[in-house]
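Asks: In order, the protein sequence lines correspond to chains C and D. Here the first sequence stands for residues 343 to 1081, numbered as in my numbering. Here the second sequence stands for residues 17 to 245, numbered as in my numbering. Think of the CB as a built atom: it goes at the ideal place given N, C-alpha and C, for glycine as much as any other residue. For clarity, every value in this text was computed on a predicted model and none was experimentally measured. Would you mind keeping the following structure in view while I ask a few things?
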Amino acid sequence: MPEITPEVVKQHGLTIQEYQRILDLLGRTPNFTELGIFSVMWSEHCSYKSSRPFLKNLPTEGPRVLQGPGENADVVDIGDGLAVVFKIESHNHPSFIEPHQGAATGVGCIMRDIFTMGARPIALLNSLRFGDLEDPRTRYLLNGVVGGISNYGNCTGVPTVGGEIYFDACYNGNILVNAFCLGLVHTDKIFLAKAGGVGNPVIYVGAKTGRDGIHGASLLASSEFDETTEEKRPTVQVGDPFTEKLLIETCLELMKKDGVIGVQDMGAAGLTSSSFEMAGNSGTGIEFDLSRVPLREEGMTAYEILLSESQERMLFVVEKGHEQETLDILNKWGLDGAVIGRVIESPEVRIEYQGEQVVNLPISPVVEGALDLKRPKSKPQYLESVQQLDLTELAEPGRGDEALKKLLASPNIASKEWVYEQYDHMVRLNTLVLPGSDAAVMRIPETHKAVALAVDCNSRYCYLDPFMGAQIAVAECSRNVICSGATPIGLTNCLNFGNPEKPEIMWQFEQAVKGISEACKYFDIPVVSGNVSLYNETKGVSIFPTPTVAVVGLLDNLEHHCTQGFKNSGDLIGLLGLTLEEISGSEYLKRTFDLCRGNPPYLDKKQEKAVQEVCLQLIQGKLIQSAHDCSDGGLGVAVVESCITGPENALGATLDLGTTLRKDALLFGESQSRILISFTGENRQAISEMARKKEVPFAVIGEVGGSHFTTRINNTEYIHQDLQTLKKIWKNTLGNYAR
Amino acid sequence: MKCGVVVFPGSNCDHDCYHILKHIFEIDTRWIWHKETADLDGYDFIVLPGGFSYGDYLRAGAISRFSPVMKAVVRYANKGGRVLGICNGFQILVEAGLLPGALIQNRSQKFICKTVFTRVEMTDTPFTRFCKDKPVLKIPIAHHEGNYFAPPETIKTMEDKGQIVFRYCTAEGEVSGASNPNGSIENIAGVANEKKNVMGMMPHPERCADPLWPDRDGQLIFKSLIQSL
């Protein structure tokens, strides 16, 4: 085994101080393999040493929460003896280097976090961010990532039903791939990562172990990109969705039997993290023999086997006596597996290989020993200047036609059909609302319930003000869920930031976490799980702070769901909420003036809550035909989207507005807490009354019908466009670029 | 009446077919594991469902066709038993030689999941008799290798013998280039063997057969099968 020198310590991503701490905790020098174990377990990706102190304040409890953060994923009760398990995770760095496999394995990893708890995955979503369209790598990365998600998700038979995609130059050197998965479980059959019962066998289940992904956690995910990035290609894991599908069926079948004590998927840091964490959770220890691990390659060292991040592998602890039953099920499905060790009393992990002891470590220092790094924070200097925006310097166009077309042609707004047509979004027959509406809605089989799913983050807002931007992410995501008729019951977040060694980045991180915390407390949505991805920075250029959130909502009666498209000619169009003169930070400002400046739109949480409540009441009272959240592109884009995403032949609309605001702010500003609705004339009175009771501003602004989109402001025509022209722009932009 | 849904390692739509047959049409429906070799004579019809059997490795359906159960499926088909292959099931039937032609990668080289329209070319099969009053079906596809191909002489023979069952078309029933989602020769979406007891189709009828969904044209395929027995 190689000798441990300062250079070797550095190569393992550990500082001199961290190495000294290892020496202090162990009371001896670790061997090379043991150093490798500390390297991955103390990495930023696995230990959260930079972020943990800030995450403590997130509200994690609620009456429906059965299992909060700490386990693989969170469990939220939905009644009828059922619960949903969900989480969002990042796979950013591998996807930039090898987009197809990076994204594919991201999907694989998040699914395993779900079914490791006994839940069958029933829906996938993803939040993707790419660089500028002009950047030469963007097209390649877009195709690779979407292809990877498509191939992996489709092959495993789990529908990919929603998501978001954004393009901005700040992601040129660091794309973001955040994958979300939701699964269904019976509340009396939830499995945790435990290694209980001394003497119980530890069983390896799944694909053979190879050399892929070694140091994926410690070196790839826990550092910036630079000139040597390409050399990190071997650290990207390779996925096999067919094995994953077999693994899902095998695990769920195993879990129906009585013998399973605990189970953990081998994710980041593979066999190492799963064994240490399972034992750590139970106060026991594990001893195992690496010679029994099914291997894909010859001549692997103990170091390589322990650090391998080969995909599609799980670690089970079963009751003594159930070994054969377990192996029989593995055999039926054609998976590799072996009893590799057993649970021991002493809280240590002892590992043998080819007749020799190679690792003998106490669990606590490895799992809990990484010191929280008290990273310094300081408010970034760019903020003061970037928040300045003088509207008088922005010439207001006489008409809005060109601006509208530019917005519909923006890849941030244009239809994502080119993407979601590559995802099987129908398999399993549970997708009630297909991609294309504000939220996906999945029915819960054998009940009359459904869950609504959405994922959101406007990172431009977070760049301009991380505290406000993060609050808006929560508000917007829950608003999308509300628009489908569901009540939010839980939130999971994926915090994507730059280099934590920079005080400005840590300040952004702290502010964003505070924002999520404050908004979730106000809206009463527990944060039940999450993931942190740091070091999203290349050669000193960091991404916008991107705290992506995903909200899950519950519909007690699936018949009361709602979608965003207009339904009938003659229906009236209404707006709940107030429009202020806010163009700053908007997509309109970017597309028309090429600026990203100002403050994000103001979020009045009290107003937001009231608007959401009214919308929900209207849907449940069957008083409206459609509900659509106003976000990117503002009111104008929201109306066009409702026109286009209605029944097959798009329905036109005419708006008649009166205002003292700038006309472009009225139509394209992104004021928060606004929901666009449509309804039949006979319900107008009732809707008005409901809004008035909750003190929610409500105005009838137009009518559905015709073949054009026409807007008159203060009795002057501002926009008049043939709807088919607008539809063509919106529908074809992304596909035309990507092909 | 008894029907069977074959399950290969990697089949995904087996559950969907089972749900429609057992819960919507209330037929005695059994799972048939791919390793079973017993005769299938007790079944009134067999379904080979969609999915990614064996990960679609090598070629879609190429490995499944060697699964032990396929021997029994071939015997059953040769004796006149009714076999419906959907998507991956169609690919397996083609690889097993029970249907002519081949299914290759979509022209766009991308997976496509969307609702399309198919025109029923032949209502004189046990799978399509109920389509007499509904010549155009609205039915989803979801595949990467759904591009049907056969040499022109084979297509001619198939046409003469009435083996072409479905063609992709517009909502109005026009078979055109624009309505062809994957490049299939002559817009072919489904075919039958000469005796018309084996049929393969790329679109998924089980995805539009549950009364909970607004689109239900898929029910016609299953109704035809059930009523023909």
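Which whole-angstrom value describes the C-beta separation of C/V981 and C/L749, a residue pair presumed to lie in contact below a C-beta threshold of 8 Å?
Replies: Locating residue 981 of chain C in the first sequence gives position 639, counting from the first residue. Locating residue 749 of chain C in the first sequence gives position 407, counting from the first residue. The Cβ separation is near 12 Å, so there is no contact.
Asks: Do C/N414 and C/D455 count as a contact pair if the criterion is CB distance below 8 Å?
Replies: Position 113 of the first sequence, counted from the first residue, corresponds to residue 455 of chain C. Position 72 of the first sequence, counted from the first residue, corresponds to residue 414 of chain C. Cβ distance < 8 Å, so C/D455 and C/N414 count as in contact.
Asks: In chain order, what residues of the region 834-846 of chain C put their CB closer than 8 Å to some CB of chain D?
Replies: Per Cβ criterion, the list is empty.
Asks: For C/Y724, count the other beta carbons within 10 Å of its own beta carbon; 16 or more makes it buried, fewer makes it exposed. Which is it?
Replies: Translated into the one-based positions of the first sequence, residue 724 of chain C becomes position 382. Under this definition C/Y724 is an exposed residue.
Asks: Any idea if C/R933 is buried or exposed, counting beta-carbon neighbours within 10 angstroms, 16 or more meaning buried?
Replies: What you label residue 933 of chain C is simply residue 591 of the first sequence in a count that begins at 1. With 16 or more other Cβ atoms within 10 Å, it is buried.
Asks: Can you name the start and end residues of the alpha helix (DSSP H) that C/E619 belongs to?
Replies: Looking up residue 619 of chain C in the first sequence gives position 277. Residues G612 to S624.
Asks: Anything in the region 495-517 of chain C with a Cβ closer than 7 Å to a Cβ of chain D? List those residues in chain order, please.
Replies: From the region 495-517 of chain C, only N496, C497 and G499 have a Cβ closer than 7 Å to chain D.
Asks: Please confirm if D/D32 has its CB atom under 8 Å from at least one CB of chain C.
Replies: On the second sequence, residue 32 of chain D is found 16 positions in, with the first residue counted as 1. Answer yes: the Cβ-Cβ gap between D/D32 and chain C drops below 8 Å somewhere.
Asks: Round the Cβ separation of D/L153 and D/F133 to the nearest angstrom and send it over; I've been treating them as touching at under 8 Å.
Replies: Within the second sequence, numbered from 1, the residue matching residue 153 of chain D stands at position 137. Within the second sequence, numbered from 1, the residue matching residue 133 of chain D stands at position 117. About 7 Å; that satisfies the 8 Å criterion.
Asks: Below 7 Å on C-beta distance, what does D/N28 contact in chain C?
Replies: Residue mapping note: residue 28 of chain D aligns to position 12 of the second sequence, counting from 1. Under the 7 Å cutoff, chain C gives G499 and V769.
Asks: Go to D/S15, then tell me how far its alpha helix (DSSP H) extends in each direction, as first and last residue.
Replies: Past the edges of chain D, shown from 17 to 245, lies residue 15 of chain D, and the structure says nothing about it.
Asks: In three-state DSSP terms, what is D/T45?
Replies: Locating residue 45 of chain D in the second sequence gives position 29, counting from the first residue. Three-state result, D/T45: strand.
Asks: How many angstroms separate the CA atom of D/K18 from the CA atom of D/T173?
Replies: Counting from 1 along the second sequence, the entry for residue 18 of chain D is found at position 2. Counting from 1 along the second sequence, the entry for residue 173 of chain D is found at position 157. For D/K18 and D/T173, the distance between alpha carbons rounds to 34 Å.
Asks: Between C/A610 and C/H387, how many whole angstroms is the CB-CB distance? I'm expecting something under 8 Å.
Replies: Position 268 of the first sequence, counted from the start, is the residue given in the question as residue 610 of chain C. Position 45 of the first sequence, counted from the start, is the residue given in the question as residue 387 of chain C. That belief holds up - the Cβ atoms of C/A610 and C/H387 are roughly 6 Å apart, short of 8 Å.
Asks: Mind listing the chain D neighbours of C/G552? Cutoff is C-beta to C-beta under 7 Å, in chain order.
Replies: Position 210 of the first sequence holds residue 552 of chain C. Those do not exist, as C/G552 stays about 17 Å from chain D at its closest Cβ, beyond 7 Å.
Asks: Based on Cα-Cα distance, which residue from C/H435, C/Y645, C/V891 and C/Q579 lies nearest to C/G832?
Replies: Here residue 832 of chain C refers to the residue found at position 490 when the first sequence is read from its first residue. The shortest C-alpha separation from C/G832 is found at C/V891.
Asks: I'd like to check one pair, C/A796 with C/V893: are the Cβ atoms closer than 8 Å?
Replies: Translated into the one-based positions of the first sequence, residue 893 of chain C becomes position 551. Translated into the one-based positions of the first sequence, residue 796 of chain C becomes position 454. Cβ distance < 8 Å, so C/V893 and C/A796 count as in contact.
Asks: Would C/E901 pass as a contact of C/L1003 if the rule is Cβ separation under 8 Å?
Replies: Taking the first residue of the first sequence as position 1, residue 901 of chain C is located at position 559. Taking the first residue of the first sequence as position 1, residue 1003 of chain C is located at position 661. No, Cβ-Cβ distance for C/E901 and C/L1003 is not below 8 Å.
Asks: Are the beta-carbon atoms belonging to C/G916 and C/V1042 less than 8 Å from one another?
Replies: What you label residue 916 of chain C is simply residue 574 of the first sequence in a count that begins at 1. What you label residue 1042 of chain C is simply residue 700 of the first sequence in a count that begins at 1. Yes. Within cutoff.
Asks: Can the beta-carbon of C/T626 be found less than 8 Å from the beta-carbon of C/I686?
Replies: Locating residue 626 of chain C in the first sequence gives position 284, where the first residue counts as 1. Locating residue 686 of chain C in the first sequence gives position 344, where the first residue counts as 1. Cβ distance < 8 Å, so C/T626 and C/I686 count as in contact.
Asks: Taking the C-alpha atoms as reference points, what is the distance between C/T458 and C/I464?
Replies: In the first sequence, residue 458 of chain C corresponds to position 116, counting from 1. In the first sequence, residue 464 of chain C corresponds to position 122, counting from 1. Distance between the alpha carbons of C/T458 and C/I464 is about 14 Å.
Asks: Per DSSP, which residues does D/Y184 bridge with? Please list them.
Replies: Working through the second sequence from its first residue, we reach residue 184 of chain D at position 168. Note: D/Y184 sits in a beta bridge opposite D/T134.
Asks: According to the neighbour-count rule (16 or more other Cβ atoms, all chains shown, within 10 Å of its Cβ), is C/A737 buried or exposed?
Replies: Here residue 737 of chain C corresponds to residue number 395 of the first sequence, with the count starting at 1. C/A737 should be labelled exposed.
Asks: Measure the CB-CB distance between C/G676 and C/L588 and report whether it falls below 8 Å.
Replies: Along the first sequence, read from residue 1 onward, the residue named residue 676 of chain C stands at position 334. Along the first sequence, read from residue 1 onward, the residue named residue 588 of chain C stands at position 246. A contact, by the Cβ cut-off of 8 Å.
Asks: With a 10 Å radius around its C-beta and 16 neighbouring C-beta atoms as the bar for buried, classify C/A1028 as buried or exposed.
Replies: As a working mapping, residue 1028 of chain C is identified with position 686 in the first sequence. So C/A1028 ends up on the exposed side.
Asks: Residues of the region 409-430 of chain C in Cβ contact with chain D at a cutoff of 9 Å, in chain order, please.
Replies: Listed by position along the chain: nothing, the set is empty.
Asks: Going by C-alpha distance, which of D/A78, D/D57 and D/P219 is nearest D/T131?
Replies: Mapped onto the second sequence, residue 131 of chain D falls at position 115. Considering only alpha carbons, the answer is D/P219.
Asks: Quick one: residues in its chain with C-beta nearer than 6 Å to the C-beta of D/A112, no 5 flanking neighbours on either side, listed in chain order?
Replies: Here residue 112 of chain D refers to the residue found at position 96 when the second sequence is read from its first residue. Excluding positions up to five away in sequence, the list reads R81 and M86.
Asks: Throw me the rounded Cβ distance for the C/L1076 and C/P753 pair, which I believe falls under 8 Å.
Replies: Locating residue 1076 of chain C in the first sequence gives position 734, where the first residue counts as 1. Locating residue 753 of chain C in the first sequence gives position 411, where the first residue counts as 1. Indeed they touch by this definition, with Cβ atoms about 6 Å apart.
Asks: Please compile the residues from chain C whose C-beta is within a distance smaller than 7 Å of the C-beta of D/I120.
Replies: As a first step, residue 120 of chain D is located in the second sequence; it is residue number 104 there, counting from the start. Those do not exist, as D/I120 stays about 17 Å from chain C at its closest Cβ, beyond 7 Å.
Asks: Can you name, in chain order, every residue of its own chain whose Cβ lies under 7 Å from the Cβ of C/L397, other than the five neighbours on each side?
Replies: For this step, residue 397 of chain C is matched to residue 55 along the first sequence. Here the set comprises V855.
Asks: I need the DSSP call for D/C147, collapsed to helix, strand or coil.
Replies: Against the second sequence, residue 147 of chain D aligns to sequence position 131. Correct three-state label for D/C147: helix.
Asks: Please list the terminal residues of the continuous beta strand (DSSP E) segment that includes C/H1062.
Replies: In the first sequence, residue 1062 of chain C corresponds to position 720, counting from 1. First-last of the beta strand (DSSP E) with C/H1062: T1058 to D1064.
Asks: Give the residues of chain C in contact with D/K126, contact being defined as C-beta atoms less than 7 Å apart.
Replies: By 1-based counting over the second sequence, the position of residue 126 of chain D is 110. Result: Q764.
Asks: Looking at the C-beta of C/S492, does it have a partner C-beta in chain D at a distance below 8 Å?
Replies: In the first sequence, the residue the question calls residue 492 of chain C occupies position 150. Yes, contact with chain D.
Asks: State the CB to CB distance for the pair C/V503 and C/T773, rounded to an integer number of angstroms; the pair is presumed to be in contact (CB under 8 Å).
Replies: Taking the first residue of the first sequence as position 1, residue 503 of chain C is located at position 161. Taking the first residue of the first sequence as position 1, residue 773 of chain C is located at position 431. Rounded, the Cβ-Cβ distance is 5 Å, consistent with contact.
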